[in-house]
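In the numbering used here, the protein residues as written are 19 to 740.
Heads up, the beta-carbon is just placed ideally off N, CA and C, and yes, glycines get one too.
Structure first, then comments.
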Ligand code: DGJ
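Written out as structure tokens, the structure reads:
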């Protein structure tokens, strides 16, 4: 049984990790430990008097909530540090004290109502501990959920807040989890960025005081992915203790890190409380998003591989979860809005001839959308551009031997659209204030059930109207003017979260209605590229930046949390449209084939040599695709530290591997370098591009990198056990 309760200690464990919580003599839940597997009976939490200004318990000055590590600290009480939970009742901030009520241990892992989460396929895969707590004065009850995986060093946490009091209350903070790490020297990694520069790795020292990451954009955002890795100061890629925290949520998030007066490091993760105020009616429950906590005693690499396996197999769902993804050609960078059926069919036919498997029609097929100034919301086909409608086009594409995919942006509305003229109150707007456009569009009020119902109807009609195998689901701006016409003034603090719940309902309904359609998340590139979306859509557009050099950084950064099967990468034209850089077709193809590969360029404008290269890239990708998408990933050279990048994938049975090496710029007279491989079987003999080596030699001695490194040079080694 991987959860026990003995001597007032809850021990949640599997073969590799332990999580220990102490039920204190005053009924508080104290955090004792999260790390490698231990014997819980052998550790103790020292409760002792500290010379501080903090309040203590009655006459017991050895016990102060301000200095003890806690499981779910609250604002406004005796703990002066940041709280995970805050409440207002009768117009007053409440100094809650959540005390232990009861506990329950169950096999399996319950799903979160209306929200994405890691799931169990059968009850043996997880065990869940639910600890119920109660504030006796306000009558609020908080259930803390801890689900431990049988197989992985993973604990999933969330909280459920129940109003069992006699009146409504406002929740003004409701984090998913809090964790107090014992005093020590720590760093933290986060994935920082911007549009077309997503997921850049930054590692910072955890300093005294307050720091952290957040999004206030209404989506998880390009600027900060909802992830941090706390690392002991000496932790690195393959060594040291690391705690990876990844929030399964796609809207405003916050992960705060606070080093308090005695050096304890408190990490709180969840919905960003900045613009959050939730009215919880009597007898109602508020469910927080889920925080996935991964522990690795062997550095970042092991942490990432745990996230990859878990997210690939127990967060992503549906038919495509375990299927190789089609190599697509998308018309966006080839034509933007300027296309007709003939042009699209030409691109698709040429793609088919080169071995591609699906044609995707991007933005501009609906309403009167000939540029980005109109028609979002008018989800009916533009027959001037496509006289045979979508069905006509899809059938012709199919006739070329290709599948057909289509772009949508359901959660947006153009001021210049039929939908907006009919329903101006469907766009977010603050009463008496001007609405603000971004990319010439407004945001639909997804917190409204009637709007979500309308979108289910509108999108499903289109998906039924033709043979559509794939949907690219875009979301091209951040939220402003966040106010709903159907909620009273005092409940507007709910709109951001209600918006997300509405979007999740739309995603859930459509993905269930169309189980054979492959859905890809997108948000002006990677503006909503997070675990929440992966629950509905098993892949995400990696970035609007298709330059191969920029992609090295983005894909390397993404690999901290996200498996290659979820990261889409396209080969585009040169000079590149985002950074104007010219890189060889080989580098572009090699970088894209280290993820879910596709193409996005006008195939009528390339020469015979490039066509041949593309055909060879596709042939090779079909050979390595399963290893890339479903293998274990090992990072070898970090582009954020060096002038090149390298990583590899190894199939689960270690019979196949593929190594990618990408150079940025040449260094004249550079040193002769080798790259040591990882994750192979020492005893196996492997063929590597025609030569034979043992796994041991490849991992100890390695492979030589090109002797005369050139600008933008790349090598892909295909490795197979003999
Ligand atoms: C942003 C996406 O990231 C692009 O790939 C493209 O689909 C455009 N939107 C279309 O408007």
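Proximity test, residue i beta-carbon vs the ligand DGJ heavy atom, cut-off 6 Å
i	result
residue 211	no
residue 540	yes
residue 397	no
residue 383	no
residue 616	no
residue 543	yes
residue 350	yes
residue 562	yes
residue 492	yes
residue 380	yes
Sub-7 Å separation of residue i and residue j beta-carbons
i	j	result
residue 102	residue 286	yes
residue 245	residue 579	yes
residue 664	residue 654	yes
residue 684	residue 729	yes
residue 256	residue 315	no
residue 675	residue 737	yes
residue 94	residue 113	yes
residue 218	residue 571	yes
residue 576	residue 678	no
residue 310	residue 222	no
residue 182	residue 150	no
residue 172	residue 161	no
residue 584	residue 554	no
residue 266	residue 724	no
residue 497	residue 469	no
residue 100	residue 233	no
residue 20	residue 34	no
residue 600	residue 609	no
residue 130	residue 153	no
residue 370	residue 485	no
residue 390	residue 458	yes
residue 30	residue 40	no
Residue i versus the options, residue with shortest Cα-Cα distance
i	options	result
residue 698	567, 690 and 666	666
residue 525	482, 478, 571 and 506	478
residue 236	499, 687, 443 and 538	499
residue 696	720, 690 and 703	720
residue 521	296, 473, 512 and 510	473
residue 341	643, 431 and 373	643
residue 717	134, 693 and 661	693
residue 277	224, 388 and 22	224
residue 465	485, 509, 47 and 495	509
residue 228	387, 700 and 279	279
residue 70	60, 84, 544 and 389	84
residue 384	390, 373, 540 and 397	397
residue 431	419, 732, 395 and 415	395
residue 594	351, 703, 64 and 731	351
residue 689	660, 726 and 708	726
residue 702	740, 682, 439 and 372	740
residue 573	304, 671, 544 and 169	544
residue 157	106, 393, 200 and 306	106
Review point. Can you list, in chain order, the stretches of the alpha helix (DSSP H) that have 4 or more residues and sit fully within the segment 67 to 117?
Key: none
Review point. Of all the beta strand (DSSP E) runs that stay within the bounds of the segment 213 to 301, which reach a length of 3 or more residues?
Key: 218 to 223, 227 to 232, 242 to 250, 260 to 266, 271 to 277, 283 to 289 and 296 to 298
Practice item. Give a yes or no on contact between the segment 340 to 351 and the segment 187 to 199, applying the rule of three or more CB pairs nearer than 8 Å. Key: no
Point to revise | Contained beta strand (DSSP E) runs [length at least 3] in the segment 342 to 382, N- to C-terminal order | key: 346 to 348 and 376 to 379
Review point. Between the segment 488 to 506 and the segment 421 to 432, do three or more beta carbon pairs fall short of 8 Å?
Key: yes
Point to revise | At least three beta-carbon pairs within less than 8 Å, the segment 617 to 625 to the segment 584 to 598 | key: yes
Check your understanding: Would you call the segment 326 to 341 and the segment 591 to 605 in contact, with 3 or more CB pairs under 8 Å?
Key -> no
Practice item. Determine contact between the segment 202 to 209 and the segment 118 to 134, defined as no fewer than three beta-carbon pairs at a distance below 8 Å. Key: no
Check your understanding: Per the contact definition of three or more C-beta pairs closer than 8 Å, is the segment 403 to 412 in contact with the segment 356 to 371?
Key -> yes
Check your understanding: Do the segment 370 to 388 and the segment 440 to 459 make contact, defined as three or more Cβ pairs closer than 8 Å?
Key -> no
Check your understanding: So does the segment 272 to 284 actually touch the segment 293 to 304, counting three or more Cβ pairs closer than 8 Å?
Key -> no
**Study point:** beta strand (DSSP E) segments (min. 3 residues) lying fully within the segment 610 to 677
**Key:** 614 to 618, 650 to 655 and 662 to 668
Review point. What runs of the alpha helix (DSSP H), each 4 residues or longer, lie entirely inside the segment 680 to 726?
Key: 713 to 718
Check your understanding: Hey, which unbroken runs of the beta strand (DSSP E) at 3 residues or more fall wholly within the segment 121 to 170?
Key -> 144 to 152 and 158 to 167
Check your understanding: Which ranges would you report for the beta strand (DSSP E) in the segment 407 to 451 if only whole runs of at least 3 residues count?
Key -> 421 to 426
Review point. Can you list, in chain order, the stretches of the alpha helix (DSSP H) that have 4 or more residues and sit fully within the segment 555 to 598?
Key: 566 to 576
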